Each structure stands twice: as C-alpha cells, then as structure tokens.
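Colleague: All the letters of the sequence shown, read from the start, carry residue numbers 0 to 289 under numbering that gives the first Met the number 0. Just dropping this structure here.
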Amino acid sequence: MNSPFDLDNTEGYQRWREQKLAAAPASVNELIVEVRDPRALTPAEHAALAGCVRRCNMAIYASAMHGEDTDIPRLLGAQFGLKQLDSNWLAGDDGISEIRVFDGGTRQHYIPYTDRPIKWHTDGYYNPPERQIRGMVLHCVRNAASGGENQLMDHEMAYLLLRDKDPRHIHALMQADAMTIPERVDETDGVRAAQGGPVFSLDATGHLHMRYTARTRSIEWKQDAATLAAVAALEQLLASNTPHVFQALLEPGMGLLCNNVLHDRGAFTDNAAHPRLLYRARYLDRISDE
Ligand SMILES: [Fe+2]
Numbered sequence: 000m001n002s003p004f005d006l007d008n009t010e011g012y013q014r015w016r017e018q019k020l021a022a023a024p025a026s027v028n029e030l031i032v033e034v035r036d037p038r039a040l041t042p043a044e045h046a047a048l049a050g051c052v053r054r055c056n057m058a059i060y061a062s063a064m065h066g067e068d069t070d071i072p073r074l075l076g077a078q079f080g081l082k083q084l085d086s087n088w089l090a091g092d093d094g095i096s097e098i099r100v101f102d103g104g105t106r107q108h109y110i111p112y113t114d115r116p117i118k119w120h121t122d123g124y125y126n127p128p129e130r131q132i133r134g135m136v137l138h139c140v141r142n143a144a145s146g147g148e149n150q151l152m153d154h155e156m157a158y159l160l161l162r163d164k165d166p167r168h169i170h171a172l173m174q175a176d177a178m179t180i181p182e183r184v185d186e187t188d189g190v191r192a193a194q195g196g197p198v199f200s201l202d203a204t205g206h207l208h209m210r211y212t213a214r215t216r217s218i219e220w221k222q223d224a225a226t227l228a229a230v231a232a233l234e235q236l237l238a239s240n241t242p243h244v245f246q247a248l249l250e251p252g253m254g255l256l257c258n259n260v261l262h263d264r265g266a267f268t269d270n271a272a273h274p275r276l277l278y279r280a281r282y283l284d285r286i287s288d289e
C-alpha cells in the first residue's frame, strides 16, 4: 500500500504533509458554503463543498431551509456518496437520529440527548470494525438559546501534528489493542461485548480512519508507556490553541458534512418554546472523492 499514513512511507508522508499544510483552512469561514437547497445542490455548490472536504475532511453548508425534514441531511449526504446509514437502536425508523434533550425514556441516560457538554470524540468509536462510521451529516433544525457550539478538527491534521511531534505516538495509536471499550450497554447496540481496536487505522483504499474518545469512563487504554504517552500528547493537542481547531455554531438550516472528524459539543441552554434539534446521520461510507 502506498498510503502517506503508512509509517514506513516517509517520502510519501512528507509530500502529503506539505500539501496538507498548504491547503489547510486558516479559519472556519473558509469551510462555510451558502447553498439554496441542500437536497439538490447546484454543480457550483457541490464543487465548493467537495473542495472543502478534500482540504480538511469537512464542510459546513448554510441554507435557509429551517423545516423538520430528515430528507435534508439524507439527500445532501447522498449527493456525496453517503448511502449506508448506520442505524442504531435510538435512531428514528429512517436511521437518522434526533439530537435533542429527552427528559424521559432511555435516551436521557446518554449525553448526546442532554444539554451537557460532550468531550472530544469521533462518532461510533465503540462500533465493531465492520461498522465503523466513516461519514456523517449533522443538520441543525433549531439551535439553543445559548451554547451548543462545536469544536472541530480534521483527524488527518491531528495525525500530522502528532507524527511531527513523535512518530512513535502514531505507532502506539495504530496498535490493534490500543483502545478498548469494555462490555456495556450502549447507544448503538444495546448490550454489546468489549470492543478493542486501534485509534488510527487505514481502510482498504489507504484512507485514514480514527476512533477516539476523551471520556475516561467506559474506556480502557493499553497500559504501556508508549500508548499512555501518545494519548497524553493527543489530549494536549486538542486542548492547545492550535489554529487547526475550528469553532462552529450551527444555526437553523446549517449543517456539517464530514468524514467523521474529531469534534466536541459545548453545554447549552434551551429556549423551552424552540428546543435545540439536530439531525445526525452516520454512514459506513466515506465522502466520495469525485
Ligand atoms: Fe459526535
């Protein structure tokens, strides 16, 4: 394999690294594309969003479509090759989850369905290998009265900055037993067995995939010096003032289209008359390169 993410491919990595840094957005504003109808993009809108994704694995569309319609994220995603929805047991019948505050039932026990902050993670880090989440659309129907912003970081840039710091961090985070989710009841599968795996891995086409959570409960890191040092370096990177972490507040009609990049969410306060509502569509597919 000739992937720049292969630790043995120094030359390929250096070439990729230079291009990556040269193309890196300087501000979140470079990622926002105004679109008339996310369900049916014009060729220019599609090209602008695809261009952002090529640079940093994410793009934000901004539209005036404020309605409650799960077709918006579904049809937007389909235009980028996102088709295999990973439905979980709390998603709606159509496989798209409503992210809002639930005061009763099972959902109130899971942080996404509360108004509390969510630490840095990639989605579906607890999924089995055959159901890794590669693509995602997060569409805002209503925002909170205050808060609820997201921090975003391209996982390839996190890889780059960690590899620059010390390639041994990458080696440690690519170990097949680096990160284990103990057996528990979770949002996706109900009761499920312990799930071990790497943080960084390459898919069949050489693309980089990342599993990560900054949670300290319900997660077991491999207890060796190299893994613990790498995890600490990643935590430091995410808490640093690197210009490669973007802050975004999705407003009604806006949405994030991404290859499951690193993200978090700030706490928020709802307006009781218009509580925050986001649709989350998770896909087994990556955004198509075309
Ligand atoms: Fe998430």
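Each residue gets a CB set at the ideal place from its N, CA and C atoms; glycine is no exception. In this text the structure is predicted, and so the values were computed from the model without any measurement.
1) Name the DSSP bridge partner or partners of Leu-277?
2) Under a three-way DSSP split, which group does Tyr-211 fall into?
3) Do three or more CB pairs link the stretch 192-207 to the stretch 236-254 at distances below 8 Å?
4) Check whether the Cβ atoms of Met-23 and Met-156 lie closer than 8 Å to each other.
5) Compute the distance between the beta-carbons of Asn-259 and Arg-133, then report whether it is under 8 Å.
6) Please report the distance separating the alpha-carbon of Tyr-332 from that of Thr-121.
7) Can you give me the Cβ contacts of Leu-81 inside the same chain, cut-off strictly under 6 Å, excluding the 5 residues immediately before and after it?
8) In whole angstroms, what separates the C-alpha of Cys-51 from that of His-45?
9) When we look at the beta-carbon of Asp-202 and count the other beta-carbons within 10 Å, is it buried (16 or more) or exposed?
10) What are the residues that DSSP puts in a beta bridge with Asn-149?
11) Alpha carbon to alpha carbon, how far is Asn-142 from Phe-199? Give it in angstroms, no decimals.
12) List the endpoints of the continuous alpha helix (DSSP H) containing Gly-50.
13) Whole beta strand (DSSP E) runs in the stretch 101-130 with 3 or more residues, listed along the chain?
14) Between which two residues does the beta strand (DSSP E) containing Glu-33 stretch?
15) Assuming Phe-245 and Val-27 form a contact by the criterion Cβ under 8 Å, report the distance between their Cβ atoms to the nearest whole angstrom.
16) For Pro-3, collect the residues of the same chain with a Cβ closer than 6 Å to its Cβ; drop the 5 residues on either side in sequence, then sort them by chain order.
17) Should Leu-227 be labelled buried (16 or more other beta-carbon atoms within 10 Å of its own) or exposed?
18) Provide the residue(s) that pair with Tyr-180 in DSSP beta bridges, ordered along the chain.
19) Does the structure place the stretch 264-279 close enough to the stretch 144-156 that three or more beta carbon pairs sit under 8 Å?
20) Give me the pocket residues for ligand 1, defined as CB within less than 6 Å of any heavy atom, sorted by chain position.
21) Is it buried or exposed, Asn-240, if we count other Cβ atoms within 10 angstroms and call 16 or more buried?
22) Glu-97: which of Arg-38, Pro-111 and Leu-84 sits nearest, CA to CA?
23) If you follow the beta strand (DSSP E) that Arg-264 is part of, which residue opens it and which one closes it?
24) Just the C-alpha distance for Lys-164 and Asp-70, rounded to the nearest angstrom, thanks.
25) Look up Ile-169 in the DSSP assignment and give the residues it is bridged to.
26) Short check: CB of Val-136 to CB of Leu-40, under 8 Å?
27) Looking at the secondary structure, which residues open and close the beta strand (DSSP E) in which Leu-81 lies?
28) Would you kindly report the start and end of the unbroken alpha helix (DSSP H) that includes Gly-325?
29) I'd like the span of the alpha helix (DSSP H) that includes Leu-160, first residue to last.
Modeller: If we stick to the structure as given:
1) Ile-98 and Cys-139
2) Tyr-211 falls in the coil class under three-state DSSP.
3) no
4) According to the sequence provided, residue 23 is Ala. The question's Met does not apply to it. Their beta carbons are under 8 Å apart, which means Ala-23 touches Met-156 by this criterion.
5) The answer is yes: Cβ separation under 8 Å.
6) This structure cannot settle anything about residue 332, because the visible part of the chain is limited to 0 through 289.
7) Gly-134, Tyr-282 and Asp-284
8) 10 Å
9) exposed
10) Ala-247
11) 32 Å
12) 42-55
13) 117-120
14) 31-33
15) 4 Å
16) Gly-11, Tyr-12 and Trp-15
17) exposed
18) According to the sequence shown, residue 180 is Ile rather than Tyr. According to DSSP, residue pairing for Ile-180 in a beta bridge involves Gln-194.
19) Verdict: yes, contact present.
20) Residues flagged by the Cβ proximity filter: His-120, Asp-122 and His-262.
21) exposed
22) The residue with the shortest Cα to Cα distance from Glu-97 is Pro-111.
23) 261-264
24) Computed Cα separation, rounded: 43 Å.
25) BP columns for Ile-169 are empty, so no partner.
26) no
27) Taken as a continuous stretch (DSSP letters only), Leu-81 belongs to no beta strand (DSSP E), as it is neither H nor E.
28) Here the chain has residues from 0 to 289 only, and residue 325 is not among them.
29) 154-164
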